[in-house]
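In full-length UniProt numbering, the protein residues as written are 1 to 308. All C-beta atoms in this analysis are idealised placements derived from N, C-alpha and C, irrespective of residue type, glycine included. Quick caveat, the model's predicted, so the values are computed rather than measured.
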Ligand SMILES: [Zn+2]
């Protein structure tokens, strides 16, 4: 079985203001690097349009309708200080959710060894009732609940190595012990949450990293906190909130990871997916704002996924 890549041209049509780091060029950079012959066996699939009803797995209806009503007919509107929407943003976010849910179907129905979904907007800052931090809806959270409802997954682990804490995912699963949320992130940094003491129902594992640290502390956080938590939880599915903004080139943070660290972390999670989850692993793009750092990191990540 091959590694699958879901993407869609609509993801380029979620337009952010000039100079905004979360921009369509991010996906173009990923597309270019995956054009290399090394990725010729990667199975490229157009993300299907998502089922809007699945948004309600993570967000209440009045909030969903509030976001829908905010989508402009033309131009760009601000949802919060750094989150915006353009006319095609609804279709983009619903297709991002469609890709993530289809990836879950693929790994449960044996159509793919594992899947990477290259979509935007990202999702991990979106709380139950708040769109923020470039995110409208929480794609990873929706996909986790989708796996539970559609495929009877009892336990889903979400591992978030984006350099920012996934406050949205933590908020959604705060009192839901059927989902384990593990995050490595820089602290202090936006959005300000993610202290070790935030543990939810015992299902939240935060491993904050001090600015100007890198490989050693990141790998130590994985080995001492993230991986043992996964072993204790024995998930039926592992979802990665794969942000690549902890790369040393990234302009939004001060963690000094390299492509090799993302290769290594991917391998560790694949090993755990093999041990506990029937190899079921779905990776969803979150952040990553230096185009070269992002492209090289995605190449290392997807290259590792393809090694099986
Ligand atoms: Zn981030």
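Its chain contains 157, 269, 273, 277 and 281 as the residues whose beta carbon lies nearer than 6 Å to that of residue 238, once the 5 sequence neighbours on both sides are disregarded; these appear in chain order. Here residue 22 has 16 and 134 as same chain residues with Cβ atoms under 6 Å from its own Cβ, once five neighbours each way along the sequence are excluded.
The three-state secondary structure of residue 20, taken from DSSP, is coil.
When the alpha-carbon of residue 59 is set against those of 190, 259, 180 and 125, the nearest one is in 125.
In chain order, the residues positioned with their C-beta nearer than 7 Å to some heavy atom of ligand 1 are 162, 163, 164, 243, 245, 252, 286 and 287. For residue 124, no beta strand (DSSP E) encloses it, and the DSSP letter there is neither H nor E. Beyond the five residues adjoining it in sequence on each side, residue 265 comes within less than 7 Å, by CB distance, of 161 and 222 in the same chain, given in chain order. Annotation: residue 295 to residue 120 spans about 15 Å, alpha carbon to alpha carbon. Residue environment analysis places residue 197 among the exposed positions, since fewer than 16 neighbouring C-beta atoms fall within 10 angstroms of its C-beta. For the stretch 190-247, the continuous alpha helix (DSSP H) assignments of 4+ residues that do not extend past its boundaries occur at 215-221 and 227-233, in sequence order. The Cβ atoms of residue 207 and residue 219 do not sit closer than 7 Å to each other. Residue 137 and residue 127 have their C-alpha atoms spaced approximately 8 Å apart.
Counting along the chain, no beta strand (DSSP E) covers residue 82, and no H or E run does either. With a cutoff of 7 Å on beta-carbon distance, residue 13 and residue 122 are scored as not near each other.
Per DSSP, the continuous alpha helix (DSSP H) segment holding residue 30 begins and ends at 25-33. Taking a cut-off of 8 Å for Cβ pairs, the stretch 99-108 and the stretch 72-84 do not touch, as fewer than three such pairs fall below it.
Shown here for residue 212: same chain residues with a beta carbon closer than 6 Å to its own, the five before and five after excluded, namely 254 in chain order. In the three-state reduction of the DSSP assignment, residue 268 falls in the helix class, which pools H, G and I. The Cβ atoms of residue 113 and residue 1 lie closer than 7 Å to each other. In this structure, the alpha-carbon of residue 275 lies about 12 Å from that of residue 232. From the listed residues 169, 217 and 216, the smallest Cα separation to residue 200 is found for 169. Secondary structure of residue 151 (DSSP, three-state): helix. The beta-bridge partner set that DSSP reports for residue 181 consists of 158 and 204.
Rounded to the nearest angstrom, the gap between the Cα atoms of residue 9 and residue 32 is 14 Å. Within the same chain, and ignoring the five residues on either side of residue 154 in sequence, the residues whose Cβ sits closer than 7 Å to its Cβ are 178 and 236.
Between residue 284 and residue 94, the CB-CB gap reaches or exceeds 7 Å.
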